[in-house]
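Contents: one structure, followed by commentary.
Residue numbers (this note's numbering): 1 to 298.
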């Protein structure tokens, strides 16, 4: 069953990897960063609501105890992460913001130790190190000067990473009897409502077009609905730490997409970074305890 968790986490990472290119195309229609964040969450909610209203109306119903989980995921993950990421970009750079978000699995590992008594084994620690080092090489080409930023910007970036790292923890705590799909759907609504007061509605109205709506729908479905649903289901079959490491496949995905569609060329060191990151992901799948049991039986 754990292989299923890896597969779902992998799909979540691939879906997240499309966030950059879709956001880029949406931004070209004339909307700003905060407006992109709002449109992403709003159309994610709207798409899910309309789909399940037709396909399975029970999916849009949540119990009273599910409201608490909806608010927690909506405010901590959807709102805090979205606003912190875009604020970090404005205060530092896109590169720094991405690197900060990549620290999310590290926070997940720490939070898992606190809430689930999950131990950081040698292989998990090595996997985390290799994954982050690979991500660093891939994003910065090994140049530390790229990460130079003011302290406030780094702090905001760390908040985005913490919010990202909290998602698997919050999802893991949702009781089985609760409607997970409905909780995630309404968390998008909570997020869009909280972000709405700070967006420029005139900008959205001026940019309103067929392309804007299409890209908003795609942004809401692929790197939002699919990624969060895959990720939340992945941690039902494996640990939050392992799932978090596997989702870092979003970085190679984004890099490859950028190379072919956005003229963001990959150099040798970037490819080396991708390979190291993938090795880290592979190592995270090693379970020394199970191997020992098998050897003992033999």
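Yeah, the Cβ is synthetic: ideal placement off N, Cα and C, and Gly gets one too. Please read these numbers as outputs of a predicted model, since none were measured by experiment.
Taking 8 Å as the cut-off, the Cβ atoms of residue 220 and residue 34 do not count as close.
One Cα belongs to residue 191, the other to residue 223, and the distance between them is close to 15 Å.
A contact between stretches requires three or more CB pairs, one per stretch, nearer than 8 Å, and the region 177-197 fails this requirement with the region 99-113.
In this structure, the straight-line span from the alpha carbon of residue 9 to that of residue 229 is close to 10 Å. For residue 133, the uninterrupted alpha helix (DSSP H) run begins and ends at 122-140, by DSSP. In this structure, residue 183 lies away from residue 5, with their beta-carbon atoms at least 8 Å apart. Contact annotation: the region 75-92 does not touch the region 136-146, with fewer than three C-beta pairs closer than 8 Å. 218 is the residue among 238, 218, 265 whose C-alpha sits nearest the C-alpha of residue 15. Residue 189 and residue 204 have their alpha carbons spaced roughly 18 Å apart. The distance from the Cβ of residue 138 to that of residue 277 is about 6 Å, consistent with a contact at the 8 Å cut-off. By the criterion of a C-beta distance shorter than 6 Å, residue 52 is surrounded in its chain by 59, 60, once the five residues flanking it on both sides are discounted.
The residue from 2, 22, 234, 37 with its alpha-carbon nearest to that of residue 201 is 37. Non-local C-beta neighbours of residue 72 in its own chain, meaning closer than 7 Å and more than five positions away in sequence, comprise 170, ordered along the chain. In the structure shown, residue 252 falls within a helical segment according to DSSP collapsed to helix, strand and coil. Rounded to whole angstroms, the separation of the alpha carbons of residue 251 and residue 265 is 14 Å. Taking 8 Å as the cut-off, the beta carbon of residue 48 is found no closer than this to the beta carbon of residue 237. Every alpha helix (DSSP H) of 4 residues or more that sits fully in the region 188-234 is shown, in chain order, as 201-207, 210-220, 227-234. Counting of Cβ neighbours within 10 angstroms places residue 227 among the buried residues, the total reaching 16 or more. By the Cβ-count criterion, residue 119 is exposed, with fewer than 16 other Cβ atoms from all chains shown falling within 10 Å of its own Cβ.
When the beta-carbon positions are compared, residue 13 and residue 279 stay at least 8 Å from each other. For residue 100, the three-state secondary structure derived from DSSP is helix.
In the three-state DSSP reduction, residue 64 falls in the helix class (H, G or I).
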